[in-house]
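Chemist:
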DNA sequence: AAAATACTTGCAAATATTTTCAATATCTTC
DNA sequence: GAAGATATTGAAAATATTTGCAAGTATTTT
């Protein structure tokens with residue numbers, strides 16, 4: 001059996017059982033426990049699963065809500081800080097558009113009852129405000145993009161285009177001096193509608209997004225008013241961004 | 253069993269029972285009480301639960317604060333049965349509109365991957381299908397009605413009016429021979445749009461809804477194709493409904 | 001305030017992981 | 001197609017983690 005085939009089988013098996021011990025996997029693909037260990041290490045690096053003591057678990061278990069909410073600890077500290085700093089930029093009683101994506105979600109968590117209206121296409125954000133009747137939450141329509149809990153499609157774009165907000169809190173996949181990019185092509189149209197509907201544009205981008213280019217271009221830099229990032233963002237790019245007239249807030 | 257799996261089971265069990273003693277948990281996951289203690293400490297740090305003397309208690313998760321979801325035990329048995337019976341009426345690969353309201357939610361829970369499309373204005377229903385990519389879930393836009401997790405308002409009505417589905421699974425506040433009524437006036441417009449957009453109308457009404465009249469009239473009986481109810485529904489009204497040509501399914 | 005119950009701490013046994021190394025398999029290069 | 005180089009595999013020793021237990025401390029109950 002080939003190494004790749006074996007790893008594929010492990011992945012597939014894990015999709016079914018969610019948790020698997022080393023012995024279980026070793027028996028199933030008929031190699032030594034050592035090899036399974038090595039495979040798991042590789043698969044973890046690939047992001048396909050997470051190692052645990054004695055075995056492995058699925059990254060996004062079906063029983064789990066959406067990819068993030070509680071369990072996503074990827075750069076959690078930075079995202080929390082960014083969330084707090086971005087929320088501080090919002091004035092009381094403003095109307096805020098909140099993008100999908102983990103970073104924007106953390107902003108929502110820190111927003112409290114500050115905003116009077118929230119517009120979002122993210123189900124986790126909607127859930128977060130769901131039982132809070134101090135904020136009016138407007139959810140765009142759309143088709144659920146599985147695992148992310150984002151509403152996409154024409155309905156989402158349409159419902160956004162008729163709206164207006166004071167601020168848009170956005171996230172994205174990458175930023176360079178050429179502009180901002182994002183990975184999910186389906187989101188681009190929606191994000192552009194968000195950018196059009198808001199007066200002030202705040203992008204929340206942790207340091208890993210700097211000098212990175214995702215597949216689809218989203219917008220030029222001149223659309224952006226403010227960028228919120230963390231302390232590890234590369235100083236040179238931050239300076240260059242400031243020179244183009246963008247306000248850059250560095251959260252600690 | 254691995255540590256992570258064990259902790260996951262503890263979390264999951266707690267979702268059901270709200271509170272569990274150390275012994276109970278220790279027995280359930282088959283480790284010593286000491287280990288359960290350590291697990292609980294970790295889970296508490298993660299924010300998944302709250303420790304108490306002798307056990308652990310669920311920390312009310314925001315996303316579940318909608319009136320129902322798991323915790324609403326009001327006529328739970330009946331609603332489960334109705335949910336199952338109504339789900340059985342759906343043919344594979346149909347497009348299904350699912351109304352907000354607890355009873356309709358239970359139908360969603362039993363639907364599995366049967367429907368190919370689901371249209372809903374209920375956040376709990378959307379969440380339920382959220383990470384399932386075998387079903388395409390279309391969420392109407394709208395403003396969140398707090399505590400119920402329902403999307404209401406003109407946007408919800410608009411997005412529904414352009415759609416079409418094979419079946420609509422509805423719930424309501426009361427039914428008499430004069431028609432069906434509902435309590436939330438905001439929902440009426442949306443429900444009417446749902447009724448217009450679907451070919452077959454199934455109303456799910458537990459026995460407490462029979463011979464009851466809510467504030468706002470929703471529709472006449474001739475719109476209804478099928479009513480699913482439980483065994484305690486009054487026989488006379490059930491008979492009379494059958495005579496008007498409505499199919500009445502009684503779940504046990 | 002005493003009894004009962006639950007919690008914390010420290011420790012040894014069990015279990016898992018990393019590291020290392022020899023054996024085998026696979027790929028190059030001639 | 002054979003010889004050497006490289007990569008992969010399985011197994012064993014060293015290291016680290018987790019688990020269960022028991023003694024001591026805190027908390028609740030009566």
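Chains as they are written, first to last, in the working numbering: chain A, 1 to 252; chain B, 253 to 504.
All C-beta atoms, glycine included, are put in the ideal place defined by N, C-alpha and C.
Could you list which residues in chain A have their beta carbon closer than 7 Å to that of residue 388 of chain B, in chain order?
Modeler: 143
Chemist: Shorter than 8 Å from the beta carbon of residue 30 of chain A to some beta carbon of chain B?
Modeler: no
Chemist: If you draw a straight line from the alpha carbon of residue 315 of chain B to that of residue 423 of chain B, how long is it in whole angstroms?
Modeler: For residue 315 of chain B, the pLDDT reaches just 42, beneath the cut-off of 50, and the residue's location in the model is therefore unreliable, although a value from the coordinates is still provided. Roughly 22 Å separates the two Cα atoms.
Chemist: Could you list which residues in chain A have their beta carbon closer than 8 Å to that of residue 374 of chain B, in chain order?
Modeler: Here the premise fails: no neighbours, minimum Cβ distance about 11 Å.
Chemist: Taking one C-beta from the segment 397-417 of chain B and one from the segment 373-382 of chain B each time, how about it: are there three or more such pairs within less than 8 Å?
Modeler: yes
Chemist: Since residue 255 of chain B meets chain A, which of its residues come closer than 9 Å, beta carbon to beta carbon?
Modeler: 52, 53 and 54
Chemist: So, using beta-carbon positions, are residue 390 of chain B and residue 143 of chain A closer together than 8 Å?
Modeler: Residue 390 of chain B places its beta carbon less than 8 Å from that of residue 143 of chain A.
Chemist: Return the chain-ordered list of same chain residues with a C-beta closer than 8 Å to the C-beta of residue 242 of chain A, the five sequence neighbours on each side being excluded.
Modeler: Cβ neighbours of residue 242 of chain A within its own chain (closer than 8 Å, five residues either side excluded): 248.
Chemist: Does any residue of chain A bring its CB to less than 8 Å from the CB of residue 379 of chain B?
Modeler: yes
Chemist: Indicate whether at least one CB of chain B lies closer than 8 Å to the CB of residue 72 of chain A.
Modeler: Only weak support is given to the placement of residue 72 of chain A: the predicted model assigns it a pLDDT of 47, under 50, and the value that follows is read from those uncertain coordinates. For residue 72 of chain A, the answer is no, since every Cβ of chain B falls outside 8 Å of its Cβ.
Chemist: Strictly below 8 Å CB to CB, what residues from chain A border residue 352 of chain B?
Modeler: What residue 352 of chain B touches in chain A: nothing, since even the nearest Cβ is about 12 Å away.
Chemist: If you count every other CB in all the chains shown that lies within 10 Å of the CB of residue 461 of chain B, and 16 or more means buried, which is it?
Modeler: buried
Chemist: Do residue 197 of chain A and residue 164 of chain A have their beta-carbon atoms positioned less than 8 Å apart in this structure?
Modeler: yes
Chemist: Between which residues of its own chain and residue 168 of chain A is the CB-CB distance below 6 Å, once the five residues before and five after are set aside?
Modeler: Excluding positions up to five away in sequence, the list reads 97, 194, 198 and 201.
Chemist: Quick one: does residue 398 of chain B have its CB under 8 Å from some CB of chain A?
Modeler: yes
Chemist: Are the CB atoms of residue 304 of chain B and residue 331 of chain B within a distance shorter than 8 Å?
Modeler: No, the pair does not count as a contact, with Cβ atoms beyond the cut-off.
Chemist: Kindly indicate which residue of A:12, A:180 and A:118 has the alpha-carbon position closest to the one of residue 160 of chain A.
Modeler: A:118
Chemist: Taking all protein chains shown into account, decide if residue 279 of chain B is buried (16 or more other Cβ within 10 angstroms of its Cβ) or exposed.
Modeler: exposed
Chemist: At 9 Å on the CB atoms, spell out the chain A contacts of residue 401 of chain B, in chain order.
Modeler: 126, 127, 130 and 131
Chemist: Taking the alpha-carbon of residue 497 of chain B as reference, which of B:487, B:473, B:503 and B:468 has the nearest alpha-carbon?
Modeler: B:473
Chemist: Quick check on residue 469 of chain B: does DSSP put it in helix, strand or coil?
Modeler: In the structure shown, residue 469 of chain B falls within a strand segment according to DSSP collapsed to helix, strand and coil.
Chemist: In whole angstroms, give me the CA-to-CA distance for residue 13 of chain A and residue 55 of chain A.
Modeler: 13 Å
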